[in-house]
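All residue numbers in the sequence shown are consecutive under the numbering used here, ending with 616. Written out below as structure tokens is the structure these notes cover.
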Amino acid sequence: MARSEWYKDMVFYQIWPRSFCDGNGDGIGDLWGVYQKLDYIKSLGVTGIWFSPLTPSPNADFGYDVSDYTSIDPDLGDLDIFDKVLQGAHDRGLRVIMDLVINHTSSEHEWFKQALADADSPYHDYYFFRKGRKGRDGQLMPPNNWDSLVGGSAWEYVESLDEYYLHLFDKRQPDLNMDNPAVRQEVEKIMRFWLDRGVDGFREDVIGFISKPKKLPDDFLALPGSRGLRLYNFGPHLLQYLVQFRRDVLDGYDCMVVGETPMMPARKALRLVRRQSSGDRPLDLVFGFDHMAADCMYSEYLPRPFSLRKLKRAFADWQETFDGKAWPTLYLENHDHPRVVSRYGSEDLRVESATALAASYLFQQGTPFVYQGQELGMTNAHLTSADELKDPQAIAHYDALVKGGKTPDEAMAVVSRATRDNARTPMQWSARQNASFSPELGDVEPWMPVNPNHDVVNVEDEEKNLMSPLNFYRHAIRLRRLLPVVRNGRYHEFKRASTKVYVYARESQWSRLLVMCSFSKDPVTFGVPDSYGNLTGGTLALSNYYVQDAGTDDANQLTLRPYETRIYVFGRDAILVE
């Protein structure tokens, strides 16, 4: 089947199901709730939905530990309601992609249970089981020195087998052995199951980690905490396995695949989406992480002051590296990161900074993804007690900090800022009870506390305010889909050294788009790029402040108010917004 590149014209809305909308009143978001909100999703102007895991899971990592690949978690619904949501989305012109977690399973998956029960079982080879080794003092040690990415060793000992198994993440998430052809065949069956059901593609979780080096050698070059990473991140057979999935399954469907590639620079990630000499493209899109480290070192648990220049360098690197060679993805929030207003913006100027952040990425070249609640300018929850934590990574970090000598308050100060729980508080639909996440007047509390600021940050109130983040996102998404220059124009950045403004253009033969975003809490004056004159030759297409007369601006200087953003259109595309 000829596969189109429809993903280039998409805007996706990511749903983390447990926290989106509770349709059956048990306190947990579900597919019945999603079905109720399909018209809202459509109203945003997006054209697709990405579902975080819907498959059964014991929730060691809230769905990213899969115990059954071809069913729906009972907390979230069943296959019947899934089919109803899928059809409802398609009826509204919305495509649907699903999370596919194939680097590891849950330790509760039947494959792993069989592997533990019998070392001679074929499922034993579905995972990485290895004998330990003797240390200098005769003590039993793991097979190599690799670290788990959530802390501690990447190996867990099984006394009944006298073997260790590999887990790059939590010990309840054993890694699959993708070198085993039988495992790859299982992955292909899973893909076909969902594609035959009508799903339009997949987001593949930590896909860059699925190929491990032969013999799993020690890593003597990395720092403690990341040993092994450089050996399996873009492992030796990664391209081979992705191309196999492409040829055997994906090429038979008009679908798309986006891969998550943490800790992978743009030039290496490009190899995953650029056509090979054979003509195959391993993946259609990849998610990079560089721009999510503008206020930290590698992880939100190692905070640094926000640096606009670091953010701009990351944006420019991916735009320029992919230019003319492959298609980028664009995002600022997802289920794995705290809320971006609290990180890169200002909670005191929430509306202004939320909308400036929207403009900073939505008009770059690529396929944008908007995370649930991002369109409202939702903020971090500011949790104060370890009892409020749900995220297993946050709990592990908190315990480690306390064990290392921090007081509970000091540990929570770090964890509260960094935890993924900030992105997983219930969606804020109204100022009423539980933000209308669950049916009102019920006795059941949401599975996670609602952010207290839902009385001012919610869909119902923002619908009524023309200058709200919600309506700004609607206008911005409509504008980027309307203008050909946003799809086809080259990326060009101005004021690269500025620590206060982000100014970039998209330029094609016949049209130009100029985006100016202040990242300052104070007014900031700067020179308009020479090639854009005094801006009177363009049309002001979108702004987050009222602009009484854009034509009176000084020919050489422009003063932007705190977190003000303006988008001007020049040339042929201007007629589309006049």
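Built from N, CA and C at the ideal position, the CB exists for glycine as well. Please read all numbers here as calculations on a predicted model, not as lab measurements.
{"Item": "Residues near A220 by beta carbon distance below 8 Å, same chain, minus five either side", "Value": "P160, D163, Y164"}
{"Item": "Bridge-paired residues (DSSP) for I140", "Value": "Paired residue(s): none; I140 is not in a bridge."}
{"Item": "H147 - partner residues in DSSP beta bridges", "Value": "According to DSSP, which records beta bridges pairwise, H147 is partnered with nothing at all."}
{"Item": "Exposure label - H450; buried when at least 16 CB within 10 Å", "Value": "His is not the amino acid found at residue 450; the sequence shown has Met there. It is buried - the Cβ of M450 has at least 16 other Cβ atoms within 10 Å."}
{"Item": "Integer Cβ distance of V553 from I605, believed to fall under 8 Å", "Value": "5 Å"}
{"Item": "Proximity of D213 and L199 at Cβ, strictly below 8 Å", "Value": "no"}
{"Item": "Classification of S581 by the beta-carbon crowding that lies within 10 angstroms, buried from 16 upward", "Value": "buried"}
{"Item": "Proximity below 8 Å, CB of L614 to CB of L521", "Value": "yes"}
{"Item": "The stretch 508-525 touching the stretch 78-92, judged by at least three CB pairs closer than 8 Å", "Value": "yes"}
{"Item": "Candidates Y601, R381, I433: closest to L387 by CA position", "Value": "Y601"}
{"Item": "Other residues of its chain near P376: CB distance less than 8 Å, five sequence neighbours each side excluded", "Value": "E338, N418, R455, A456, T457, R458, N460, A461"}
{"Item": "DSSP state of G290 mapped onto helix, strand, coil", "Value": "helix"}
{"Item": "Test: F475 CB closer than 8 Å to a CB of chain B", "Value": "Given the protein chain composition of this structure (a single chain), no chain B is represented."}
{"Item": "Simplified DSSP assignment, three categories, for H530", "Value": "strand"}
{"Item": "Extent of the continuous beta strand (DSSP E) run through G86", "Value": "86-89"}
{"Item": "Cut-off 7 Å between Cβ atoms - residues of its own chain near L508, not counting five sequence neighbours on either side", "Value": "E413, L414, V497, E500, E501"}
{"Item": "A192 versus Q152: straight-line alpha-carbon distance, rounded", "Value": "21 Å"}
{"Item": "Closest residue to G565 among K559, L573, N526 (Cα-Cα distance)", "Value": "L573"}
{"Item": "Beta carbon of D68 nearer than 8 Å to that of D106", "Value": "no"}
{"Item": "Residue from A432, V311, C59, L395 with nearest C-alpha to K350", "Value": "L395"}
{"Item": "Cross-strand partners of Q52 (DSSP beta bridge)", "Value": "W88, Y409"}
{"Item": "Status (buried if at least 16 other CB within 10 Å, exposed otherwise) for N489", "Value": "buried"}
{"Item": "Assigned secondary structure, A579 (DSSP; H/G/I helix, E/B strand, else coil)", "Value": "strand"}
{"Item": "Straight-line Cα distance separating T359 from F50", "Value": "23 Å"}
{"Item": "Touch test, the stretch 271-280 against the stretch 164-178, Cβ-Cβ under 8 Å, three pairs minimum", "Value": "no"}
{"Item": "Local conformation of V196 per DSSP, three classes", "Value": "strand"}
{"Item": "DSSP-derived helix/strand/coil call for A543", "Value": "strand"}
{"Item": "Option in A155, I245, F353 with minimal Cα separation from R534", "Value": "F353"}
{"Item": "Simplified DSSP state of I135, which is helix, strand or coil", "Value": "strand"}
{"Item": "8 Å Cβ cutoff met for I53 and M294", "Value": "no"}
{"Item": "Three-state class that DSSP yields for F608 in the structure shown", "Value": "strand"}
{"Item": "Three-way DSSP call (helix, strand, coil) for Q431 in this model", "Value": "helix"}
{"Item": "Nearest-angstrom beta carbon gap, A364 and R312 [assumed within contact, 8 Å]", "Value": "5 Å"}
{"Item": "M450, enclosing alpha helix (DSSP H) - first and last residue", "Value": "446-456"}
{"Item": "Spatial distance of Q586 from L578 (CA atoms)", "Value": "11 Å"}
{"Item": "Own chain partners of V123 with C-beta closer than 6 Å, once the 5 adjacent residues on each side are dropped", "Value": "L69, V72, Y73"}
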